[in-house]
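Read through the structure below, which is laid out as structure tokens, and then see the notes.
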Amino acid sequence: MLNIKNLHAEIEGKEILKGLNLNVKPGEVHAIMGPNGSGKSTLASVLAGKEAYEVTQGQVHFNGKNLLEMAPEERAGDGLFLAFQYPVEIPGVSMMNFLKTSIQEVRKYRGQDPLNAKDFLKLVKERQALVELDKKLANRSVNEGFSGGEKKRNEVFQMAMLEPTLAILDETDSGLDIDALRIVADGVNKLRSPSNAFVVITHYQRLLDYIVPDVVHVLYQGRIVKTGPKELALELEEKGYDWLKLSATEQIEG
Amino acid sequence: MTEQDKLLNEVTTREYQYGWSTDLDMESLPPGLNEDTVRFISAKKEEPEWLLEWRLKAFRYWQTMQEPQWAHVSYPPVNFQDIIYYAAPKTKPQYESLDEVDPELLETFNKLGISLEEQKMLAGVAVDAVIDSVSVKTTFREKLAEVGIIFCSMSEAVKEHPELVKKYLGSVVPYKDNFYAALNSAVFSDGSFVYIPKGVRCPMELSTYFRINAMNTGQFERTLIVAEEASYVSYLEGCTAPMRDENQLHAAVVELVAMEDAEIKYSTVQNWYPGDKDGKGGIYNFVTKRGICAGDRSRISWTQVETGSAITWKYPSVILKGDHSVGEFFSVAVTGNKQQADTGTKMVHLGRNTKSTIISKGISAGESNNSYRGLVKMAPMAKGARNFSQCDSLLLGSRCGAHTFPYIEVDNATGKVEHEATTSKIAEDQIFYLNQRGIPTEKAVALIVNGYCREVLDKLPMEFAVEARKLLEISLEGSVG
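In the order they appear, the protein sequences are chains A and B. Converting from the first sequence to the numbering used here requires adding 39 to each position, the first position being numbered 1. Converting from the second sequence to the numbering used here requires adding 9 to each position, the first position being numbered 1.
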């Protein structure tokens with residue numbers, strides 16, 4: 040589904056990703072962990088198509104298409120979703136209007152008929168329940184005045200609405216208390232299916248107690264330095280990142 | 010019988026007259042302006058002597074005046090002798106069918122969701138006899154007449170309700186007010202007249218949509234709305250469809266009078282031709298709009314969404330004379346390409362405990378210039394007057410300009426004025442967020458801008474608001490990137 044080969048990316052002339060490789064197949068959940076500044080969020084931004092980042096080398100294929108040649112909205116149309124670490128506020132734009140526009144644009148891109156108002160509202164109701172999102176939030180402006188936890192739940196709600204084939208969760212757990220974390224994770228787990236995949240970017244192992252990954256990767260200095268089963272996350276929690284940093288440095292220098 | 014009752018009687022019993030008393034054989038005047046022009050216009054309209062005198066006084070005064078130069082706009086000087094001040098209304102349709110109309114124009118109509126029949130009307134296509142706009146107008150007028158409301162063209166009003174016109178014409182905007190108001194007073198072509206009797210709540214939004222002839226009122230429109238004690242009216246001016254006009258200069262005057270406990274809501278959507286990418290051929294819109302809250306507890310609201318015209322010079326104002334009266338101004342002004350807008354409001358507080366609110370949202374794109382110019386004045390006797398102003402500017406791109414010129418004059422110690430102003434650019438983060446949800450950039454900008462203007466758009470009557478939203482979307486097409 041997602042195939043990243045030797046990806047190099049920079050921002051303002053500073054190289055952040057330095058030859059990253061990653062393969063994600065349908066039905067899989069990949070966790071990407073790593074210390075601050077290792078390039079986790081850069082990876083998410085590059086995959087979503089944020090303009091500020093420049094890809095200098097490498098390839099990314101998504102469902103057989105060259106992802107790097109696609110506009111951000113085309114990537115979304117093809118089923119790539121990014122749950123933002125810091126969801127932005129858009130004053131005056133109601134959640135409903137935003138969601139409707141989003142769904143209809145995605146459907147248009149896929150050559151589907153627009154969803155009628157009744158089915159749309161039904162979908163909203165159903166998916167809202169999935170993340171236990173307060174109904175009142177749907178009447179507010181996009182993320183405006185939402186608490187940190189509400190913003191994150193709102194991201195998962197949007198994900199549930201759009202049903203992406205590949206969802207990237209960028210530190211969705213940061214700033215969440217344990218209850219909110221459980222709700223977010225439950226939402227994600229309910230959306231898991233053999234045909235979609237998740238890339239869960241996180242700093243802490245905690246989230247992975249709830250969203251159990253198939254594979255755990257450790258990102259350090261712009262490349263994946265270790266890949267292992269879910270137990271790797273626990274090992275990281277116990278030992279920290281230092282032991283990996285050491286071996287990574289050896290690898291790079293050697 | 011009181012004058013009121015007489016009027017009521019007259020209005021409710023008379024037969025509806027089709028048409029707008031247009032004589033189809035009228036010729037046009039050659040370009041130029043002198044006393045004879047004024048006399049000719051007045052004679053053609055079969056106006057009473059007093060009105061001719063008033064026009065002439067206005068004309069003589071106008072001759073002594075200088076074109077104002079203080080606005081933050083620039084354009085080549087207007088030659089007032091090059092303008093045709095009287096032209097026969099066009100009665101022959103330009104085209105036989107919609108197929109002949111500029112496809113780009115039709116595309117815009119479709120985007121705005123304008124019905125086919127209306128499209129024909131606006132584009133100047135012959136309308137089938139089946140769509141009888143007259144019958145719509147008739148039912149509409151009859152319904153209004155039942156409650157004593159007068160809604161007709163200014164020419165008609167001069168003939169049928171001369172006492173009302175004489176009493177109020179120029180009472181809010183005297184002909185000496187400014188250069189363009191004087192010119193308008195001398196040569197005004199036509200416009201709307203609305204009279205709401207005491208205690209009557211107008212049962213529907215009064216809209217120029219119902220007045221097809223309004224499209225031909227020409228460049229010097231004159232509108233007068235009088236709301237008697239405890240009455241209410243909501244008036245919609247303009248049209249979201251792009252209006253092309255051969256007349257480059259438009260100098261309209263709108264006067265509103267609200268008596269005790271009366272309320273007037275005046276909403277405008279203006280989408281006149283802004284000219285090409287270089288601003289060539291666009292309309293100059295120099296308008297004087299003013300209302301007076303004459304009675305205690307009266308209320309006047311101006312709501313405007315302006316996207317058209319090459320140059321806009323417009324300051325809908327309220328004179329708050331009655332105690333506890335309220336004046337409001339809600340504005341969205343969008344400029345693109347080389348458009349220039351200098352617009353705002355004046356709130357003149359005279360009565361005690363008067364209150365005014367100003368919300369202005371300027372959106373500039375392309376190489377346009379968008380200025381807010383506003384005056385809040387509190388006279389010595391305006392004890393306890395309050396004003397709140399919020400002027401926000403949004404810039405799209407880096408070649409456009411946004412300017413704010415607020416003037417505040419407070420002559421008493423109890424007045425309270427609050428002014429907030431912000432200037433911002435659309436955040437790339439917001440656009441990227443929407444992109445990531447599948448929304449292309451142009452649509453994303455439209456969504457963000459609509460959200461930005463929501464406070465103002467919410468003030469528009471429902472049907473107008475829907476169109477205004479679409480209009481904003483269309484106006485900003487191609488302005489990002």
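Ideal Cβ positions, reconstructed from N, Cα and C, are used throughout, including at glycine.
Counting only Cβ-Cβ distances below 8 Å, residue 137 of chain A has contacts in chain B at 443, 446 and 456, in chain order. Sequence-distant partners of residue 44 of chain B (beyond 5 residues in either direction) whose C-beta falls short of 7 Å from its own C-beta, in its chain, are 65 and 68.
Under the three-state reduction of DSSP, residue 250 of chain A is assigned to coil, being neither helix nor strand.
Chain order gives the chain B residues near residue 197 of chain A as 446, where near means a beta carbon separation below 9 Å. Taken through DSSP and simplified to helix, strand or coil, residue 351 of chain B comes out as strand. The beta strand (DSSP E) runs lying completely inside the stretch 209–255 of chain A and spanning 3 residues or more are 236–240, given in chain order. Scanning the stretch 96–134 of chain A from its first residue to its last, the whole alpha helix (DSSP H) runs of 4-plus residues come out as 111–116. Counting the other Cβ atoms within 10 Å of the Cβ of residue 390 of chain B gives fewer than 16, which makes it exposed. Separation of residue 177 of chain A and residue 139 of chain A (C-alpha to C-alpha, rounded to the nearest whole angstrom) is 11 Å. With a threshold of 8 Å between beta carbons, residue 156 of chain A makes no contact with chain B. Using a Cβ-Cβ cut-off of 8 Å, residue 436 of chain B counts as an interface residue toward chain A, since at least one Cβ of chain A sits closer than that to its own.
One finds 129, 130, 131, 132 and 180 in chain A with Cβ atoms closer than 7 Å to the Cβ of residue 460 of chain B, taken in chain order. Note that the C-beta distance between residue 308 of chain B and residue 335 of chain B is below 8 Å. Comparing C-alpha distances from residue 208 of chain B to each of B/174, B/271, B/192 and B/191 shows the shortest one belongs to B/271. Per DSSP, residue 257 of chain B lies in no alpha helix (DSSP H) segment and is marked neither H nor E.
By the criterion of a C-beta distance shorter than 7 Å, residue 393 of chain B is surrounded in its chain by 361, 362 and 423, once the five residues flanking it on both sides are discounted. Using a Cβ distance threshold of 8 Å, residue 323 of chain B and residue 296 of chain B count as a contacting pair. Judged by pairs of C-beta atoms under 8 Å, the stretch 99–113 of chain A does not touch the stretch 398–415 of chain B, as fewer than three such pairs exist. The contact set of residue 99 of chain A on chain B, defined by CB atoms closer than 8 Å, is empty, because the minimum CB distance reaches about 16 Å. By the Cβ neighbour-count rule, residue 232 of chain B is buried, with 16 or more other Cβ atoms within 10 Å of its own. Counted as a single uninterrupted DSSP element, the alpha helix (DSSP H) harbouring residue 442 of chain B occupies residues 437–445.
Cβ contact annotation for residue 237 of chain B (same chain, cutoff 7 Å, sequence separation greater than five): 205, 206, 207, 268 and 271, in chain order. Distance from the Cα of residue 355 of chain B is smallest, within the candidate group B/472, B/368, B/474 and B/56, for B/368. Contacts with chain A at 8 Å (Cβ-Cβ) do not include residue 468 of chain B.
CA-to-CA, the gap between residue 234 of chain B and residue 155 of chain B works out to about 18 Å.
The beta-carbon of residue 439 of chain B is placed less than 8 Å from the nearest beta-carbon of chain A. Neighbours of residue 479 of chain B across chain A, judged by C-beta separation under 7 Å, do not exist; the nearest C-beta is about 13 Å away. If you draw a straight line from the Cα of residue 196 of chain B to the Cα of residue 162 of chain B, it comes to about 16 Å. A Cβ of chain B is located within less than 8 Å of the beta carbon of residue 140 of chain A. Residue 60 of chain A carries a strand assignment under DSSP once its states are collapsed to helix, strand and coil. Under the three-state reduction of DSSP, residue 179 of chain A is assigned to coil, being neither helix nor strand. For residue 40 of chain B, the three-state secondary structure derived from DSSP is coil. When Cβ-Cβ separations below 8 Å define contact, residue 123 of chain A makes contact with chain B.
Counting only the Cα atoms, residue 312 of chain B lies some 7 Å from residue 469 of chain B. Closest option to residue 201 of chain B, judged by alpha-carbon separation, among B/175, B/244 and B/428: B/244.
From the listed residues A/265, A/269 and A/270, the smallest Cα separation to residue 281 of chain A is found for A/265.
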